[in-house]
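Sequence lines, in order, name chains A and B.
Numbered per my numbering, the first sequence spans residues 5 to 344.
Numbered per my numbering, the second sequence spans residues 45 to 267.
These notes are about the structure you will find just below.
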Amino acid sequence: MSSSVAVVGFYEPWWIQIIKALVIFAAAFAILPILTVYERKLLGRFQNRYGPNRVGPFGLMQPLAEIVKFATKEPFRPTTSIGYMFRIAPMIAILTAVAALALVPFGDVQHIFGQRVGLYGIDVSIGPLYVFAFAGISFYGIMLGGWSSGSKYSFLGAMRGAAQLISYEVSQGLALVGVVITAGTLSLTGIVHAQRGMWYLIPQFAGFVIFLVASFAETNRAPFDLVEADAELVGGYFTEYGGTPFIAFMFAEYMNMIVVAGIATTMFLGGWLLPFGIHPPGWVDPFVVVAKMMIFITFFIWVRATLPRLRYDQLMSFGWKALLPLATLNLLVTAILVVS
Amino acid sequence: MSAVLFFIAAIGALVGAIGVVTLRSPFYSVLALVFHLISLAALFLLLRAEFVAAAQVVVYAGAVMVLYVFVVAYVGGGEELAAGTALRILGPLFALAVAIELCVAMLGSGLKGISSKGAPYIAGFGSPAHIGRLFLTKYLFVFEVASLLLLVAAIGAVVLARRRRGLEPYDEDFELAIHARRPAGTGTMAEGAGTRPAPTAAPQPEPQESAPPPPPEPEPVES
Numbered sequence: 005m006s007s008s009v010a011v012v013g014f015y016e017p018w019w020i021q022i023i024k025a026l027v028i029f030a031a032a033f034a035i036l037p038i039l040t041v042y043e044r045k046l047l048g049r050f051q052n053r054y055g056p057n058r059v060g061p062f063g064l065m066q067p068l069a070e071i072v073k074f075a076t077k078e079p080f081r082p083t084t085s086i087g088y089m090f091r092i093a094p095m096i097a098i099l100t101a102v103a104a105l106a107l108v109p110f111g112d113v114q115h116i117f118g119q120r121v122g123l124y125g126i127d128v129s130i131g132p133l134y135v136f137a138f139a140g141i142s143f144y145g146i147m148l149g150g151w152s153s154g155s156k157y158s159f160l161g162a163m164r165g166a167a168q169l170i171s172y173e174v175s176q177g178l179a180l181v182g183v184v185i186t187a188g189t190l191s192l193t194g195i196v197h198a199q200r201g202m203w204y205l206i207p208q209f210a211g212f213v214i215f216l217v218a219s220f221a222e223t224n225r226a227p228f229d230l231v232e233a234d235a236e237l238v239g240g241y242f243t244e245y246g247g248t249p250f251i252a253f254m255f256a257e258y259m260n261m262i263v264v265a266g267i268a269t270t271m272f273l274g275g276w277l278l279p280f281g282i283h284p285p286g287w288v289d290p291f292v293v294v295a296k297m298m299i300f301i302t303f304f305i306w307v308r309a310t311l312p313r314l315r316y317d318q319l320m321s322f323g324w325k326a327l328l329p330l331a332t333l334n335l336l337v338t339a340i341l342v343v344s
Numbered sequence: 045m046s047a048v049l050f051f052i053a054a055i056g057a058l059v060g061a062i063g064v065v066t067l068r069s070p071f072y073s074v075l076a077l078v079f080h081l082i083s084l085a086a087l088f089l090l091l092r093a094e095f096v097a098a099a100q101v102v103v104y105a106g107a108v109m110v111l112y113v114f115v116v117a118y119v120g121g122g123e124e125l126a127a128g129t130a131l132r133i134l135g136p137l138f139a140l141a142v143a144i145e146l147c148v149a150m151l152g153s154g155l156k157g158i159s160s161k162g163a164p165y166i167a168g169f170g171s172p173a174h175i176g177r178l179f180l181t182k183y184l185f186v187f188e189v190a191s192l193l194l195l196v197a198a199i200g201a202v203v204l205a206r207r208r209r210g211l212e213p214y215d216e217d218f219e220l221a222i223h224a225r226r227p228a229g230t231g232t233m234a235e236g237a238g239t240r241p242a243p244t245a246a247p248q249p250e251p252q253e254s255a256p257p258p259p260p261e262p263e264p265v266e267s
């Protein structure tokens with residue numbers, strides 16, 4: 005690509021890109037265990053009990069104890085399973101979840117050490133499509149995990165996951181198209197900048213609700229966690245997994261939750277912008293984004309503690325007969341309003 | 045760097061394509077096809093066609109192949125399909141014809157490109173905005189015809205699925221059979237969710253009686 009015609013906005017040196025990737029990954033990796041404790045403590049409070057409070061102060065060391073416990077377990081797989089696929093599946097799940105995280109913008113372009121550094125992994129011209137591409141691949145993590153386990157529970161869980169993912173991906177995408185039309189750009193930082201006057205939560209409220217509901221299904225969270233319905237499927241696609249591969253799947257699930265919260269923050273809650281014209285210095289931006297993401301994550305946990313699991317046919321008919329028409333209608337109305 | 049990526053992606057695409065036709069199990073064959081498509085997407089990325097790459101993954105790997113996997117995992121995998129003699133002869137012939145055609149196309153146009161530096165990269169090339177503008181100006185007719193074709197395909201799929209006894213009537217029969225055996229208002233999930241009204245005048249439960257025989261197949265709906 006030595007062509008002289010190419011004009012890129014600005015080019016970050018390779019070492020900054022590597023540092024950015026490491027920092028974002030490390031931060032997310034550090035947040036994840038805390039998130040599991042947060043979820044369990046919050047669930048405990050919702051259910052009128054304490055939640056984990058034995059290991060470390062306030063039970064904060066609980067994930068550490070669990071990681072040690074899982075990592076020291078004997079690697080095990082059923083005799084009917086297919087070995088290498090059984091091992092690859094959790095890797096696909098983690099890889100796609102982490103790759104999608106790169107898109108979430110944590111702040112505007114800053115000047116650090118005389119370099120212009122964007123506080124995000126990448127800012128691609130295709131924007132949300134990037135996330136959907138990796139969501140499409142992440143399906144194979146679930147699918148291969150369920151199929152190669154050689155167990156009927158795993159297989160059924162994976163099949164549910166397949167149907168659920170492709171059903172709700174459409175609504176999720178259409179809900180975002182409304183935002184993209186309003187902002188007039190696909191770049192996520194551009195969408196945040198377009199929300200300077202008003203967050204898209206207000207003009208795109210219908211899209212916001214649709215996106216949120218579809219996100220529950222996409223991340224396999226309650227009340228759409230039929231993929232791992234423990235009452236009927238034991239554990240869904242990871243029934244046969246134990247030890248670190250099991251942690252990998254849990255890691256991917258929580259990472260997907262973080263990504264969805266990040267995308268929702270960016271698309272609807274104005275990313276790193278603060279209301280009432282407050283302009284904090286640039287280093288505050290990531291904390292604003294993380295705080296907004298925590299709102300979504302708390303909501304996810306709250307819903308999990310509140311709503312019962314749907315039945316499978318209810319899930320499908322809701323997705324196709326209610327959510328998809330609503331999303332299409334929202335898109336049409338938005339397009340008409342923007343054009344007129 | 046780009047050369048390394050190119051060779052990785054190209055080898056991946058070739059391996060995937062060979063795997064599709066040589067692997068015996070249909071499930072592995074489909075997975076090889078997915079691998080092939082993702083490698084192609086990487087090649088598109090190297091050509092700076094970000095949108096095409098994303099569309100390739102979202103549409104083909106993420107939607108079309110998901111259905112393939114779905115079907116193959118449910119019904120495939122058992123017995124191997126034995127190809128008929130006609131297929132055994134015609135298959136290689138068609139493959140040869142496609143190979144000759146591709147060779148003609150490549151030798152006719154591609155060889156000229158080797159000695160030159162290739163097309164220059166124009167800023168914004170391959171971006172969604174660029175592609176969208178082309179779709180609505182230069183290629184408007186083709187774009188509309190293609191969308192019409194997709195619409196026809198979607199309607200055709202609905203019509204075909206309907207003609208073949210959809211799920212609905214069967215589900216209702218099934219529900220009726222269940223109803224006959226359960227006292228009214230015992231609170232099923234369907235009643236709670238309101239998708240089915242509580243059976244106010246349900247027949248008395250008759251223990252030790254098997255469900256009524258399923259009614260005959262409904263006539264295919266004329267559409």
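Glycine residues also receive a C-beta, built at the ideal position from the N, C-alpha and C atoms.
- Bridge partners of A/Val121 according to DSSP: A/Gln114.
- Between A/Leu178 and A/Pro132, the beta carbon gap of about 11 Å keeps them out of contact (Cβ cut-off 8 Å).
- Cβ contact annotation for A/Ser129 (same chain, cutoff 7 Å, sequence separation greater than five): Leu190 and Ser191, in chain order.
- Considering only beta carbons, the part of the segment 153 to 171 of chain A lying closer than 9 Å to chain B consists of Phe159, Ala162, Met163, Ala166, Ala167, Leu169 and Ile170, in chain order.
- At the C-beta level, A/Ala101 and A/Ile126 stay beyond 8 Å of one another.
- A/Pro109 is bridged by DSSP to A/Tyr124.
- The alpha carbon of A/Tyr157 has as its nearest neighbour, out of A/Ala326, A/Glu236 and A/Ala137, the alpha carbon of A/Glu236.
- For A/Gly145, the CB contacts under 6 Å within the same chain, skipping 5 residues up- and downstream, are Ala93, Ile96 and Ala97 in chain order.
- In terms of Cβ geometry, B/Met109 and B/Val64 do not form a close pair [threshold 8 Å].
- Boundaries cannot be given for A/Trp203, as no alpha helix (DSSP H) includes it and DSSP labels it neither H nor E.
- A distance of 8 Å or more separates the beta carbons of A/Gly154 and A/Thr243.
- Within chain A, the residues placing a beta-carbon under 7 Å from that of B/Glu94 are Val128, Ser129 and Ile130, ordered along the chain.
- Across the structure, A/Phe50 and B/Ile175 are spaced so that their CA atoms are roughly 50 Å apart.
- Between the segment 286 to 303 of chain A and the segment 322 to 332 of chain A, the count of C-beta pairs closer than 8 Å stays below three; the two stretches do not touch.
- Secondary structure at A/Phe250: helix, using DSSP grouped into helix, strand and coil.
- Chain A places no beta carbon closer than 8 Å to that of B/Ile52, leaving this residue out of the contacts.
- A direct Cα-Cα distance of roughly 38 Å separates A/Met298 from B/Ala53.
- With contacts defined by Cβ atoms closer than 8 Å, A/Ile185 and A/Thr338 form a contacting pair.
- For A/Ser321, the enclosing alpha helix (DSSP H) stretches over residues Tyr316 to Ser321.
- Scanning chain B for C-beta atoms nearer than 7 Å to the C-beta of A/Ala34 yields nothing, as the closest lies near 29 Å away.
- Taking 8 Å as the threshold, the shortest C-beta distance from A/Ile301 to chain B does not fall below it.
- Pro164, Tyr165, Ile166, Ala167, Ser171 and Pro172: these are the residues of the segment 164 to 187 of chain B whose beta carbon lies less than 7 Å from some beta carbon of chain A, given in chain order.
- Taking a contact to require three or more Cβ pairs closer than 8 Å, the segment 162 to 176 of chain A and the segment 299 to 308 of chain A do not qualify as touching.
- Interface with chain B (8 Å Cβ-Cβ cutoff): A/Phe143 is included.
- Note on geometry: alpha-carbon atoms of A/Ala210 and A/Gly150 lie some 35 Å from one another.
- Under the DSSP assignment, A/Asp289 falls in the alpha helix (DSSP H) whose first and last residues are Asp289 to Thr310.
- With respect to chain B, the C-beta atom of A/Leu133 has a partner C-beta closer than 8 Å.
- Within a 10 Å sphere around the beta-carbon of A/Thr270 sit 16 or more other beta-carbons, which makes this residue buried.
- Closest by C-alpha distance to A/Ser152, out of B/Leu146, B/Phe71, B/Met45 and B/Val59, is B/Phe71.
- Distance check between A/Val196 and each of A/Tyr241, A/Thr223 and A/Pro279 places A/Pro279 closest, using alpha-carbon atoms only.
- Around the beta carbon of A/Ala226, 16 or more other beta carbons lie within 10 angstroms, which makes this residue buried.
- In its chain, beyond the 5 residues on either side, Phe14, Glu16, Val113 and Gln114 have a beta carbon closer than 8 Å to the beta carbon of A/Arg120.
- Collapsing the DSSP output to three states places B/Phe95 in a helix.
- DSSP places A/Pro329 within a helical segment (H, G or I) once states are collapsed to three.
- Inclusion of A/Thr248 and A/Phe74 in the CB contact set at 8 Å is warranted, their separation being smaller than that value.
- Membership of B/Ala141 in the alpha helix (DSSP H) is indicated by the continuous run Thr129 to Ala149.
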